[in-house]
Structures are given as structure tokens and as C-alpha cells.
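Since the structure comes first, as C-alpha cells, the remarks are kept for the end.
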Amino acid sequence: MKKKVYVEVKLISNKNINKIKALSLLDKSRRSFLRGIFSRTTVISILLILQLLFIIASFVWLDQYRIWVAIVERALAIAAVLYLVNSEMDALSRVTWLILVMIAPLLGSLFLIYTKLDWGYRGLKQRMNFLMDSSSRYLQDNLETLRVLKGNTSTTYHLVQYFDRSRGDFPAYQNTEVTYFPTGEEFFEELKKQLLKAEKYIFMEFFIIAEGVMWGEILRILEQKVREGVEVRVLYDGMIEFSTLSFDYTKRLEKIGIKAKAFSPISPFISTYYNYRDHRKIIVIDGKVGFTGGVNLADEYINKYERFGHWKDTAVMLEGEAVDSFLVLFLQMWSITERQMIVKPYLAKHDKERKAKGYVIPYGDSPLDTDKIGENVYIDILNHAREYVYIMTPYLILDSEMEHALCFAAERGVDVRIIMPGIPDKKYPICLLKLTLENLCVQVSKFIITLLDLSMLKSLSVMIAKQSLGQLILITVACIIILSVQPTYIKLPQSVIFMMIVSKQCEKANALLKKCLMNVQLTKNSLAYSSKPSHR
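With the working numbering as the guide, the letters of the sequence shown map in order to residues -5 to 530.
Pasting the structure below:
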């Protein structure tokens, strides 16, 4: 006689949201050394290394035909240079390729041919363009909104016109409320509340998902919603197979009723396809609520796990008409491997009048087309700024156009400030940052460079203050993480300060330096720049 097994199911509500037990689909206790060696990730890595060794061996074998190789090498190099000189790529990319071709003519030319043929993404590009064209009818501008924009803010109207003519057809919306979350912790709490309210569907698209407290609690809610009849889809980047999730994680999700896909999963063949990753963070709930920002679904983003000091990232929640754009963006990525893209049944009716008075233009950018939508928007912001532009970013890798826009804004009298983490998650952005700062300094006639002792680099790496036409552009490399604690002012011993003043007016330069140092506030493991102490 079979025993009956009774399972107690406790539904989660907003009242006991803080008591959610994290759900895990990976059996971490069964991990072992042998399982790691014979895992799919290890096998793929070995096959990729073998392919690289084969390519190197081919070049060694060709050395016995060096005369013919030299002729082919020069012919390819000449063809590559002619192509690069007449190409439409930006100046920085062109110079990089030219240097590579000059240093290694044969290898550089073949690599250029390989990347430009780009077999890995041709099908992806064609499919994505088809999906954008077929979904454009769901992203139409509201004529009344355009009329109001044209009459009130001509600058915003022209930006809307640019979006309308771009590849994605991104409209402007009015009837949308926006809530800003300055930390991942605040975003996480609101996200759980909104997920519990879902009645029809939940769509999630993320670059990183890692099992732990954050994803475990979300997964527990998603499991409950599936039992309630809510459609749940999860899309994540396939590269995380090498870091946080197993290759069969989509199947594990499907077992509990969640539709799941990995974008561009890893295969054992060298391809330019790997260079195209899905960095989006999008959540759409019933077509009425949408989330986006920089927060991934991993514990370090809510500071349950410390990797690089206190982690600060931001997010926004949209309620209203602008959620339609996020819905279409998600379905475009989801439908890459589908026969057709179904949008209409998921569009919500936005009958409710909201108090928001601003305009919202959600947009997406992609390397699959030649439109640099994101960069053009940033340059437009810098060119139209009148008082200040504050930028907070983990990476500052600028091309000549962005460098010129930043310096031109400062020359016009705009207060431009850039804040970066003092404890970077990757080392190469800091190396590139040094070159960027040098280029920015060359473009401004008067500047001061203040370098601190290497032991202080974790809290304050480099500070460069540049004064031009009486205006200040301040670039601070620091950890601007904890702004809610009581600040303490930084004390700098004179023995660790090295000043290089490139100006004949030393008194003004020293006064500017003192002014900059007075405005630097240092908390326990963070630094913020402001005109007066913050007691938030």
C-alpha cells in the first residue's frame, strides 16, 4: 500500500514578505573535484584551447613557405589598410586596427577578415532586424504628446524625433510614474511586493543571475505565482554558465513551471558570436509595472555578499504607458529563437490617469546596428546642459566624441563631475581611465593634478581638478557607496601629497586645490563630493 505524502503550501503575502525562504535549484553539496573536471564548462574550455593551439600550429607550419607567406602577408596588409582608411568605423577603432595590422600583418589582416565577415552574428542580426520591424507598430508616438513637446520643450522634441527615426522606434510617453531606488536593497524589497501582485504574467531579463538570498527569495515567489496560474518567463545571458549557473539551469526552471532561455549559450567553437552578450535588466509585470537599472539578481547587489566593498547600484520602477516599450524589448530578445513574436495579448490597457507630469522614453541599444543610440543620447545631454551634469559610472572608456563633449560642456561653464568606484570589479577600466584623464587634461589649458600615496588608493585613487574659463570640471575616482551614515572629513598629510601645477598663476591654482579638498567627504569606506556636509 502506497503512503500518501501531504505537502503543506504556505502562500506568501505582503505581510510576511520578510520571512520568505530562499529556494535553490542547484545541489551545491554534490559538487566535487571530479564533477568539476568533467563538467560541460571544462570540456568546452578545453576544446576552445585546442582550436587556438591548432591555429598557432598552422602559422608555425606555414613558416617553411616563408617566401610565399611574405607575399600573401603584404598583399593582405595593403588590402586591410585600404579597407580601414575608407571604412565608416570611428577613428579610435580604425587606429586600433591599423596598429594591429602594422605589428602583425598576416595575423592582423586575417583577424580583421574574420571579424568583419562575422559569421557568428549574421543570422542574429537579420533576425533581430526582422523582429524590430515587425514590432514597430506597437511603438507608435502619441500625436498629442508630440504636440505638447513641440510647444513646450523644443530640445526634448528633437530628441524624440531622433528616437522616432532610429532603428528601434522608441516613442515618448506621458502617463507614466517613475520611482527611483538609490540602492539594490530598496529595489529588492519593492520588487518582491510587485511580484506578489502579479495576476497574468512576469517577464524577467537579466545579465547575471546567481543563486543565493536575492534570487532564492524571488524564485520562491515565482514558484508560487506559477501555481496561481501566472505565466513566468526568465531570460538570462548564456555566459554565466561559466560563473554562477549550470548549463541545464533552464531545464531546472522549467521543472517548476517557469519558461526559461539562455541568450547566446556557450558552444565549443570559436566564434565572434560570443562577443554579443545580453546586458539588459528588465522586469515586466502584467504590462503595468516595469523595472530596469543596473541591479542584477545576485547577492552582492543587495550587499548580502561582499565582493568589492559596499556595492551601490540603482534601479527605477515605471508604472503606466512606458511599460509597453519594456514589454516589446523583452519579447524581441525572447523571440529570437521563436517562429513568431506575439505581443498584442500582453499589452495592458492604461486607463488610469497618473499624477506624473514628465516624459519617459525607454530605449534599447545594440551592437547589431550602426546606430550609437546610447552614446548619442549622452552627447545630446552634455551639449544641452546649462548648469551641471553629474555622472556616476563603474567604467569610463571614452572615444574622441565623448571626450570632446565632456570638455566642451566644461568650457561652456557647465559643472561636470564624474564619480567612479575606488574598489573596481575589473582592473582594466582603471588602466584605461589613466589614459582618459591624460587626454582630458591635454584639452584644458589650466589644470591641477593631485596624487595621493598608493596606500590610499582604495578610498581615493586619483583626483584631477581642471579649471577652464573660471569653471571647474572635477573627476574623482572614489567609492561613493554609503551616503546615509555620518560623514567624516578626510585629512591629508602633506607628506603624501604630490602636486604638479601646470599654470603660471600658482596662487589661483593652490586656492583651487584647497577648494577641491574642502569639498571632499570621506565616510567609513566611501567618498562623496558635495558643496556641504550630508547628514542623510
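Heads up, the beta-carbon is just placed ideally off N, CA and C, and yes, glycines get one too.
Please read all numbers here as calculations on a predicted model, not as lab measurements.
For Gly287, the first and last residue of its enclosing beta strand (DSSP E) | Residue numbering aside, residue 287 sits at position 293 when the sequence shown is read from its first letter. Run containing Gly287: 283 to 287, per the beta strand (DSSP E) assignment.
Own chain residues within Cβ distance below 8 Å of Ala350, not counting five before or after = For this step, residue 350 is matched to residue 356 along the sequence shown. Only Gln168, Asn169, Thr170, Glu171, Val172, Gly314 meet the Cβ criterion.
Practice task
Mark Val212 as exposed unless 16 or more other C-beta atoms lie within 10 angstroms of its C-beta, in which case mark it buried.
Solution key: As a position in the sequence shown, residue 212 is number 218, starting the count at 1. Note that residue 212 is Ile in the sequence shown here, rather than Val. It is buried - the Cβ of Ile212 has at least 16 other Cβ atoms within 10 Å.
* To do: With DSSP as the reference, please indicate the residues paired to Glu199 in a beta bridge.
  => Indexing the sequence shown from 1 puts residue 199 at position 205. Answer is Leu229, Ile276, bridged to Glu199.
* Would Ser329 be called buried (16 or more neighbouring beta carbons within 10 Å of its own) or exposed? -> Walking along the sequence shown from the start, residue 329 turns up at place 335. So Ser329 ends up on the buried side.
| request: Leaving aside the five residues before and after Lys366 along the sequence, list all residues of the same chain whose C-beta is less than 8 Å from its C-beta, in chain order. | output: Residue mapping note: residue 366 aligns to position 372 of the sequence shown, counting from 1. Taken in chain order, the residues that qualify are Asp359.
Q. Would DSSP call Arg406 helix, strand or coil?
A. Within the sequence shown, the letter at position 412 stands for residue 406. Of the three classes helix, strand and coil, the one that applies to Arg406 here is coil, per DSSP.
Label Leu111 either buried or exposed according to how many other C-beta atoms from any shown protein chain fall within 10 Å of its C-beta, with 16 as the threshold for buried.
Position 117 of the sequence shown, counting from 1, holds the residue named residue 111. That one is exposed.
*asked:* Once the 5 residues before and after Asp419 are set aside, which same chain residues still bring their CB inside 8 Å of it?
replied: In the sequence shown, residue 419 corresponds to position 425, counting from 1. Closer than 8 Å at Cβ, skipping near neighbours: Arg301, Phe302, Pro388.
Margin query: DSSP three-state label for Val383, please.
Written below: Counted from its first residue, the sequence shown places residue 383 at position 389. The answer is strand: DSSP assigns Val383 an E or B state.
- Query: Along the chain, where does the alpha helix (DSSP H) that runs through Lys338 open and close?
  - Reply: For the purposes of this step, residue 338 is taken as residue 344 along the sequence shown, with counting starting at 1. Neither: Lys338 is in no alpha helix (DSSP H) and is coded neither H nor E.
Along the beta strand (DSSP E) that carries Thr170, what are the first and last residues, could you check?
-> Counting from one through the sequence shown, the residue named residue 170 turns up at place 176. Taken as a continuous stretch (DSSP letters only), the beta strand (DSSP E) holding Thr170 covers 170 to 175.
Exposed or buried, what is Ala309 when buried is set at 16 or more other beta-carbons lying within 10 Å of its beta-carbon?
Here residue 309 refers to the residue found at position 315 when the sequence shown is read from its first residue. Per the 10 Å Cβ criterion, buried.
Only counting the same chain, and skipping five residues up and downstream in sequence, which positions put a Cβ closer than 6 Å to that of Ile277? Walking along the sequence shown from the start, residue 277 turns up at place 283. Cβ within range, chain order: Met198, Phe285.
*Quick one: measure Cβ to Cβ for Leu17 and Arg214, integer angstroms, because I've assumed they're closer than 8 Å.*
Taking the sequence shown and counting its residues from 1, the one referred to as residue 17 is at position 23. Taking the sequence shown and counting its residues from 1, the one referred to as residue 214 is at position 220. Confirmed, about 4 Å.
Exercise. Report yes if the C-beta distance between Lys275 and Gly287 is below 9 Å; otherwise report no.
Key: Taking the first residue of the sequence shown as position 1, residue 275 is located at position 281. Taking the first residue of the sequence shown as position 1, residue 287 is located at position 293. Yes, Cβ-Cβ distance for Lys275 and Gly287 is below 9 Å.
query: Does DSSP put Phe241 in a helix, in a strand, or in coil?
result: Taking the sequence shown and counting its residues from 1, one reaches residue 241 at position 247. Of the three classes helix, strand and coil, the one that applies to Phe241 here is coil, per DSSP.
Original post:
Roughly how many whole angstroms lie between the Cα atoms of Met311 and Leu291?
Top reply: The residue labelled residue 311 in the question sits at position 317 within the sequence shown. The residue labelled residue 291 in the question sits at position 297 within the sequence shown. Rounded to the nearest angstrom, the two C-alpha atoms are 16 Å apart.
Using 9 Å as the threshold, is the C-beta distance between Glu369 and Met386 below it? The residue given as residue 369 occupies position 375 in the sequence shown. The residue given as residue 386 occupies position 392 in the sequence shown. Result no, Cβ atoms of Glu369 and Met386 do not sit closer than 9 Å.
Closest to Val66 by CA distance: which of Gly117, Leu100, Thr244, Phe181 is it? Along the sequence shown, one-based indexing puts residue 66 at 72. Closest by alpha carbon: Leu100.
| said: Only counting the same chain, and skipping five residues up and downstream in sequence, which positions put a Cβ closer than 8 Å to that of Tyr531? | reply: Since the first residue shown for the chain is -5 and the last is 530, residue 531 is missing from the structure and cannot be characterised.
_Could you compute how far the alpha carbon of Glu332 sits from the alpha carbon of Arg60?_
Here residue 332 refers to the residue found at position 338 when the sequence shown is read from its first residue. Here residue 60 refers to the residue found at position 66 when the sequence shown is read from its first residue. Their Cα atoms are separated by approximately 49 Å.
Practice item. Determine the direct distance from the alpha carbon of Ala256 to that of Ser129, and round the result to whole angstroms. Key: Position 135 of the sequence shown, counted from the first residue, corresponds to residue 129. Position 262 of the sequence shown, counted from the first residue, corresponds to residue 256. Approximately 22 Å, taken between the alpha carbons.
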